[in-house]
Amino acid sequence: MTYLERGRISRMSGQPTRAGWALPVPASWRTWFGFIRRPALPDRADTRIAPGLAAVLKLFALDIAFMAVLLGSLALAVQIGFDMPEHMLDELALSAPLIALIVIGAPVGEEIAFRGWLSGRPGHLLATPLLFVALLALLGAAASFGGQSAGAMPLMVVAAVAALAAVAALFLLRKRNAVHWFQRHFAWFFWASALAFAAVHLTNFATAGPAMLPLVLPQFMLALLLGYLRVTHGLWSAVLLHMLHNGLFISLVLASSSGGS
328 MTYLERGRIS
338 RMSGQPTRAG
348 WALPVPASWR
358 TWFGFIRRPA
368 LPDRADTRIA
378 PGLAAVLKLF
388 ALDIAFMAVL
398 LGSLALAVQI
408 GFDMPEHMLD
418 ELALSAPLIA
428 LIVIGAPVGE
438 EIAFRGWLSG
448 RPGHLLATPL
458 LFVALLALLG
468 AAASFGGQSA
478 GAMPLMVVAA
488 VAALAAVAAL
498 FLLRKRNAVH
508 WFQRHFAWFF
518 WASALAFAAV
528 HLTNFATAGP
538 AMLPLVLPQF
548 MLALLLGYLR
558 VTHGLWSAVL
568 LHMLHNGLFI
578 SLVLASSSGG
588 S
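For what it's worth, my numbering labels the leading residue of the sequence shown as 328, then goes sequentially.
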């Protein structure tokens, strides 16, 4: 039985799935906590829109709770003398294209790279690196166009070929369930994906190192929510939660900058 199915049983009965979970929290949160305790990969995600959207909204509320605690802790650390390193957004003007990149582009690209393959299905394992290559080639082509370089066309060809190969892999292998070896070792892949996602965000700061790891705890907690959504409700649900998270973050940054001006 998958954690998604256990969550449904929990919601129908109104009781936690384990005696130790007698906590006054929503059933969807208990299901997520149970998943984190023992990550297990279902053969297929439940990609229906209504259940997926409900899960996204409920976990977004949990995400907000996590962010409030973590960011509040960082604010307290600053008050007692911790010197926060410079963030890359401190020197950037939040133009409309940059906001669109943060709220839409980054979630799509990062979810493909970090969790597109997390389903363990052959089509996704093959398509994810191909789609990532296509995205990188498109970014390179866009940069080449900006510099009026002749190198844009080959990059666009690479992007098109990689995207077509990814679509072919998804179509030809669409009926295949998750491969057994991936299911067996899923917990390792799940935690590795979350840690890698958090570690990559260290590049947002001018200073990176082990001492800076607490600063990416918000991204690590977000990754645990996104990974769960990806394998239980499909990649689209993880992308949507990621967009909501980034949208909230940018809204707070804009509100802070306008309040200080």
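We treat Cβ as the ideally placed atom computed from N, Cα and C, and that holds for glycine. These figures come from a predicted structure and were not determined experimentally.
Verify whether the separation of the beta carbon atoms of Ala454 and Leu497 is less than 9 Å.
Stepping through the sequence shown from its first residue, residue 454 is reached at position 127. Stepping through the sequence shown from its first residue, residue 497 is reached at position 170. Closer than 9 Å, so yes.
Cβ-based burial, Glu413 [other Cβ within 10 Å; buried from 16]
Along the sequence shown, one-based indexing puts residue 413 at 86. Residue burial is scored here from C-beta neighbours: Glu413 has fewer than 16 other C-beta atoms within 10 angstroms and is therefore classed as exposed.
What does the alpha-carbon distance come out to for the pair Ser422 and Val430?
Looking up residue 422 in the sequence shown gives position 95. Looking up residue 430 in the sequence shown gives position 103. Across the structure, Ser422 and Val430 are spaced so that their CA atoms are roughly 12 Å apart.
Beta-carbon proximity of Gly432 to Phe459, cut-off 9 Å:
Start at 1 with the first residue of the sequence shown, and residue 432 comes out as number 105. Start at 1 with the first residue of the sequence shown, and residue 459 comes out as number 132. Gly432 places its beta carbon 9 Å or farther from that of Phe459.
If you reduce the DSSP assignment to three classes, tell me which class His512 lands in.
Taking the sequence shown and counting its residues from 1, the one referred to as residue 512 is at position 185. His512: coil per DSSP, three-state reduction.
Using 8 Å as the threshold, is the region 514-532 in touch with the region 379-394, meaning 3 or more CB pairs across them?
With the rule of 3 Cβ pairs closer than 8 Å, the region 514-532 does not count as touching the region 379-394.
Return yes when the Cβ of Leu384 is within less than 9 Å of the Cβ of Val558, no when it is not.
As a working note, residue 558 is residue 231 in the sequence shown. As a working note, residue 384 is residue 57 in the sequence shown. Against a cut-off of 9 Å, the Cβ pair of Leu384 and Val558 comes out as no contact.
Helix, strand or coil at Phe604 according to DSSP, with G and I counted as helix:
Any property of residue 604 remains undetermined from this structure, which presents the chain solely from 328 to 588.
Could you say which of Gly447, His572, Phe517, Ala440 lies nearest to Lys502 if we only look at CA atoms?
In the sequence shown, the residue the question calls residue 502 occupies position 175. It is Gly447 whose Cα lies nearest to the Cα of Lys502.
Bridge partner(s) assigned by DSSP for His507:
The residue given as residue 507 occupies position 180 in the sequence shown. Looking at the DSSP assignment, His507 forms no beta bridge with any residue, so it has no partner.
Ignore the nearest five residues each way along the sequence and tell me which others in Phe393's own chain have a CB closer than 6 Å to its CB.
As a first step, residue 393 must be located in the sequence shown, where it is residue number 66. Around Phe393: Met548.
Provide the residue span of the alpha helix (DSSP H) that contains Glu418, from first to last.
For the purposes of this step, residue 418 is identified with residue 91 of the sequence shown, where counting begins at 1. Bounds of any alpha helix (DSSP H) do not take in Glu418, whose DSSP letter is neither H nor E.
Whole angstroms is fine: what's the gap from Ser359's alpha carbon to Leu562's?
Residue mapping note: residue 359 aligns to position 32 of the sequence shown, counting from 1. Residue mapping note: residue 562 aligns to position 235 of the sequence shown, counting from 1. Checking the sequence, you will find Trp at residue 359 rather than Ser. Whole-angstrom Cα-Cα distance: 17 Å.
If you drop the 5 nearest sequence neighbours on each side, which residues of the same chain put their C-beta closer than 6 Å to that of Phe441?
Taking the sequence shown and counting its residues from 1, one reaches residue 441 at position 114. Hits under 6 Å: Ser520, Phe524.
Pick from Arg364, Leu416, Ala402, Asp370 that is closest to His528, judged by C-alpha positions
Stepping through the sequence shown from its first residue, residue 528 is reached at position 201. Distance from the Cα of His528 is smallest, within the candidate group Arg364, Leu416, Ala402, Asp370, for Leu416.
Ordered list of alpha helix (DSSP H) runs contained in the region 405-469, each at least 4 residues
The alpha helix (DSSP H) runs of length 4 or more contained entirely in the region 405-469 are, from start to end of the chain, 423-427, 433-442.
Strictly by DSSP, which residues pair up with Phe532?
Here residue 532 refers to the residue found at position 205 when the sequence shown is read from its first residue. Per DSSP, His414.
Between which two residues does the alpha helix (DSSP H) harbouring Leu542 extend?
If you number the sequence shown from 1, residue 542 lands on position 215. Careful: Leu542 lies outside any alpha helix (DSSP H) and carries neither H nor E.
DSSP state of Arg375, grouped into three classes?
Locating residue 375 in the sequence shown gives position 48, where the first residue counts as 1. In the structure shown, Arg375 sits in coil (DSSP, three-state: anything other than H, G, I, E or B).
What separation, rounded to the nearest whole angstrom, lies between the Cα atoms of Arg511 and Leu540?
Along the sequence shown, one-based indexing puts residue 511 at 184. Along the sequence shown, one-based indexing puts residue 540 at 213. So the alpha carbons of these two residues sit roughly 29 Å apart.
With DSSP run on the structure shown, which of helix, strand or coil describes Val352?
By 1-based counting over the sequence shown, the position of residue 352 is 25. In the structure shown, Val352 sits in coil (DSSP, three-state: anything other than H, G, I, E or B).
Three-state class that DSSP yields for Arg364 in the structure shown:
In the sequence shown, the residue the question calls residue 364 occupies position 37. In this structure, Arg364 counts as helix in the three-state DSSP scheme.
Going straight from the alpha carbon of Ala550 to that of Thr530, what length do you get?
As a working mapping, residue 550 is identified with position 223 in the sequence shown. As a working mapping, residue 530 is identified with position 203 in the sequence shown. Looking at the two C-alpha atoms, the distance is approximately 16 Å.
Return the CA-CA distance between Leu419 and Leu466, expressed in angstroms with no decimal places.
Mapped onto the sequence shown, residue 419 falls at position 92. Mapped onto the sequence shown, residue 466 falls at position 139. So the two alpha carbons sit approximately 19 Å from each other.
Quick one: grab the DSSP three-state call for Asp370.
Here residue 370 refers to the residue found at position 43 of the sequence shown. Judged by DSSP in its simplified three-state form, Asp370 adopts coil rather than helix or strand.
Could you tell me if Ala565 is buried or exposed, where buried requires 16 or more neighbouring beta carbons within 10 angstroms of its beta carbon?
Start at 1 with the first residue of the sequence shown, and residue 565 comes out as number 238. Flag for Ala565 reads buried.
Pull up the distance between the alpha-carbon of Val485 and that of Leu556, whole angstroms please.
Counting from 1 along the sequence shown, the entry for residue 485 is found at position 158. Counting from 1 along the sequence shown, the entry for residue 556 is found at position 229. Each residue's Cα considered, the two are about 31 Å apart.
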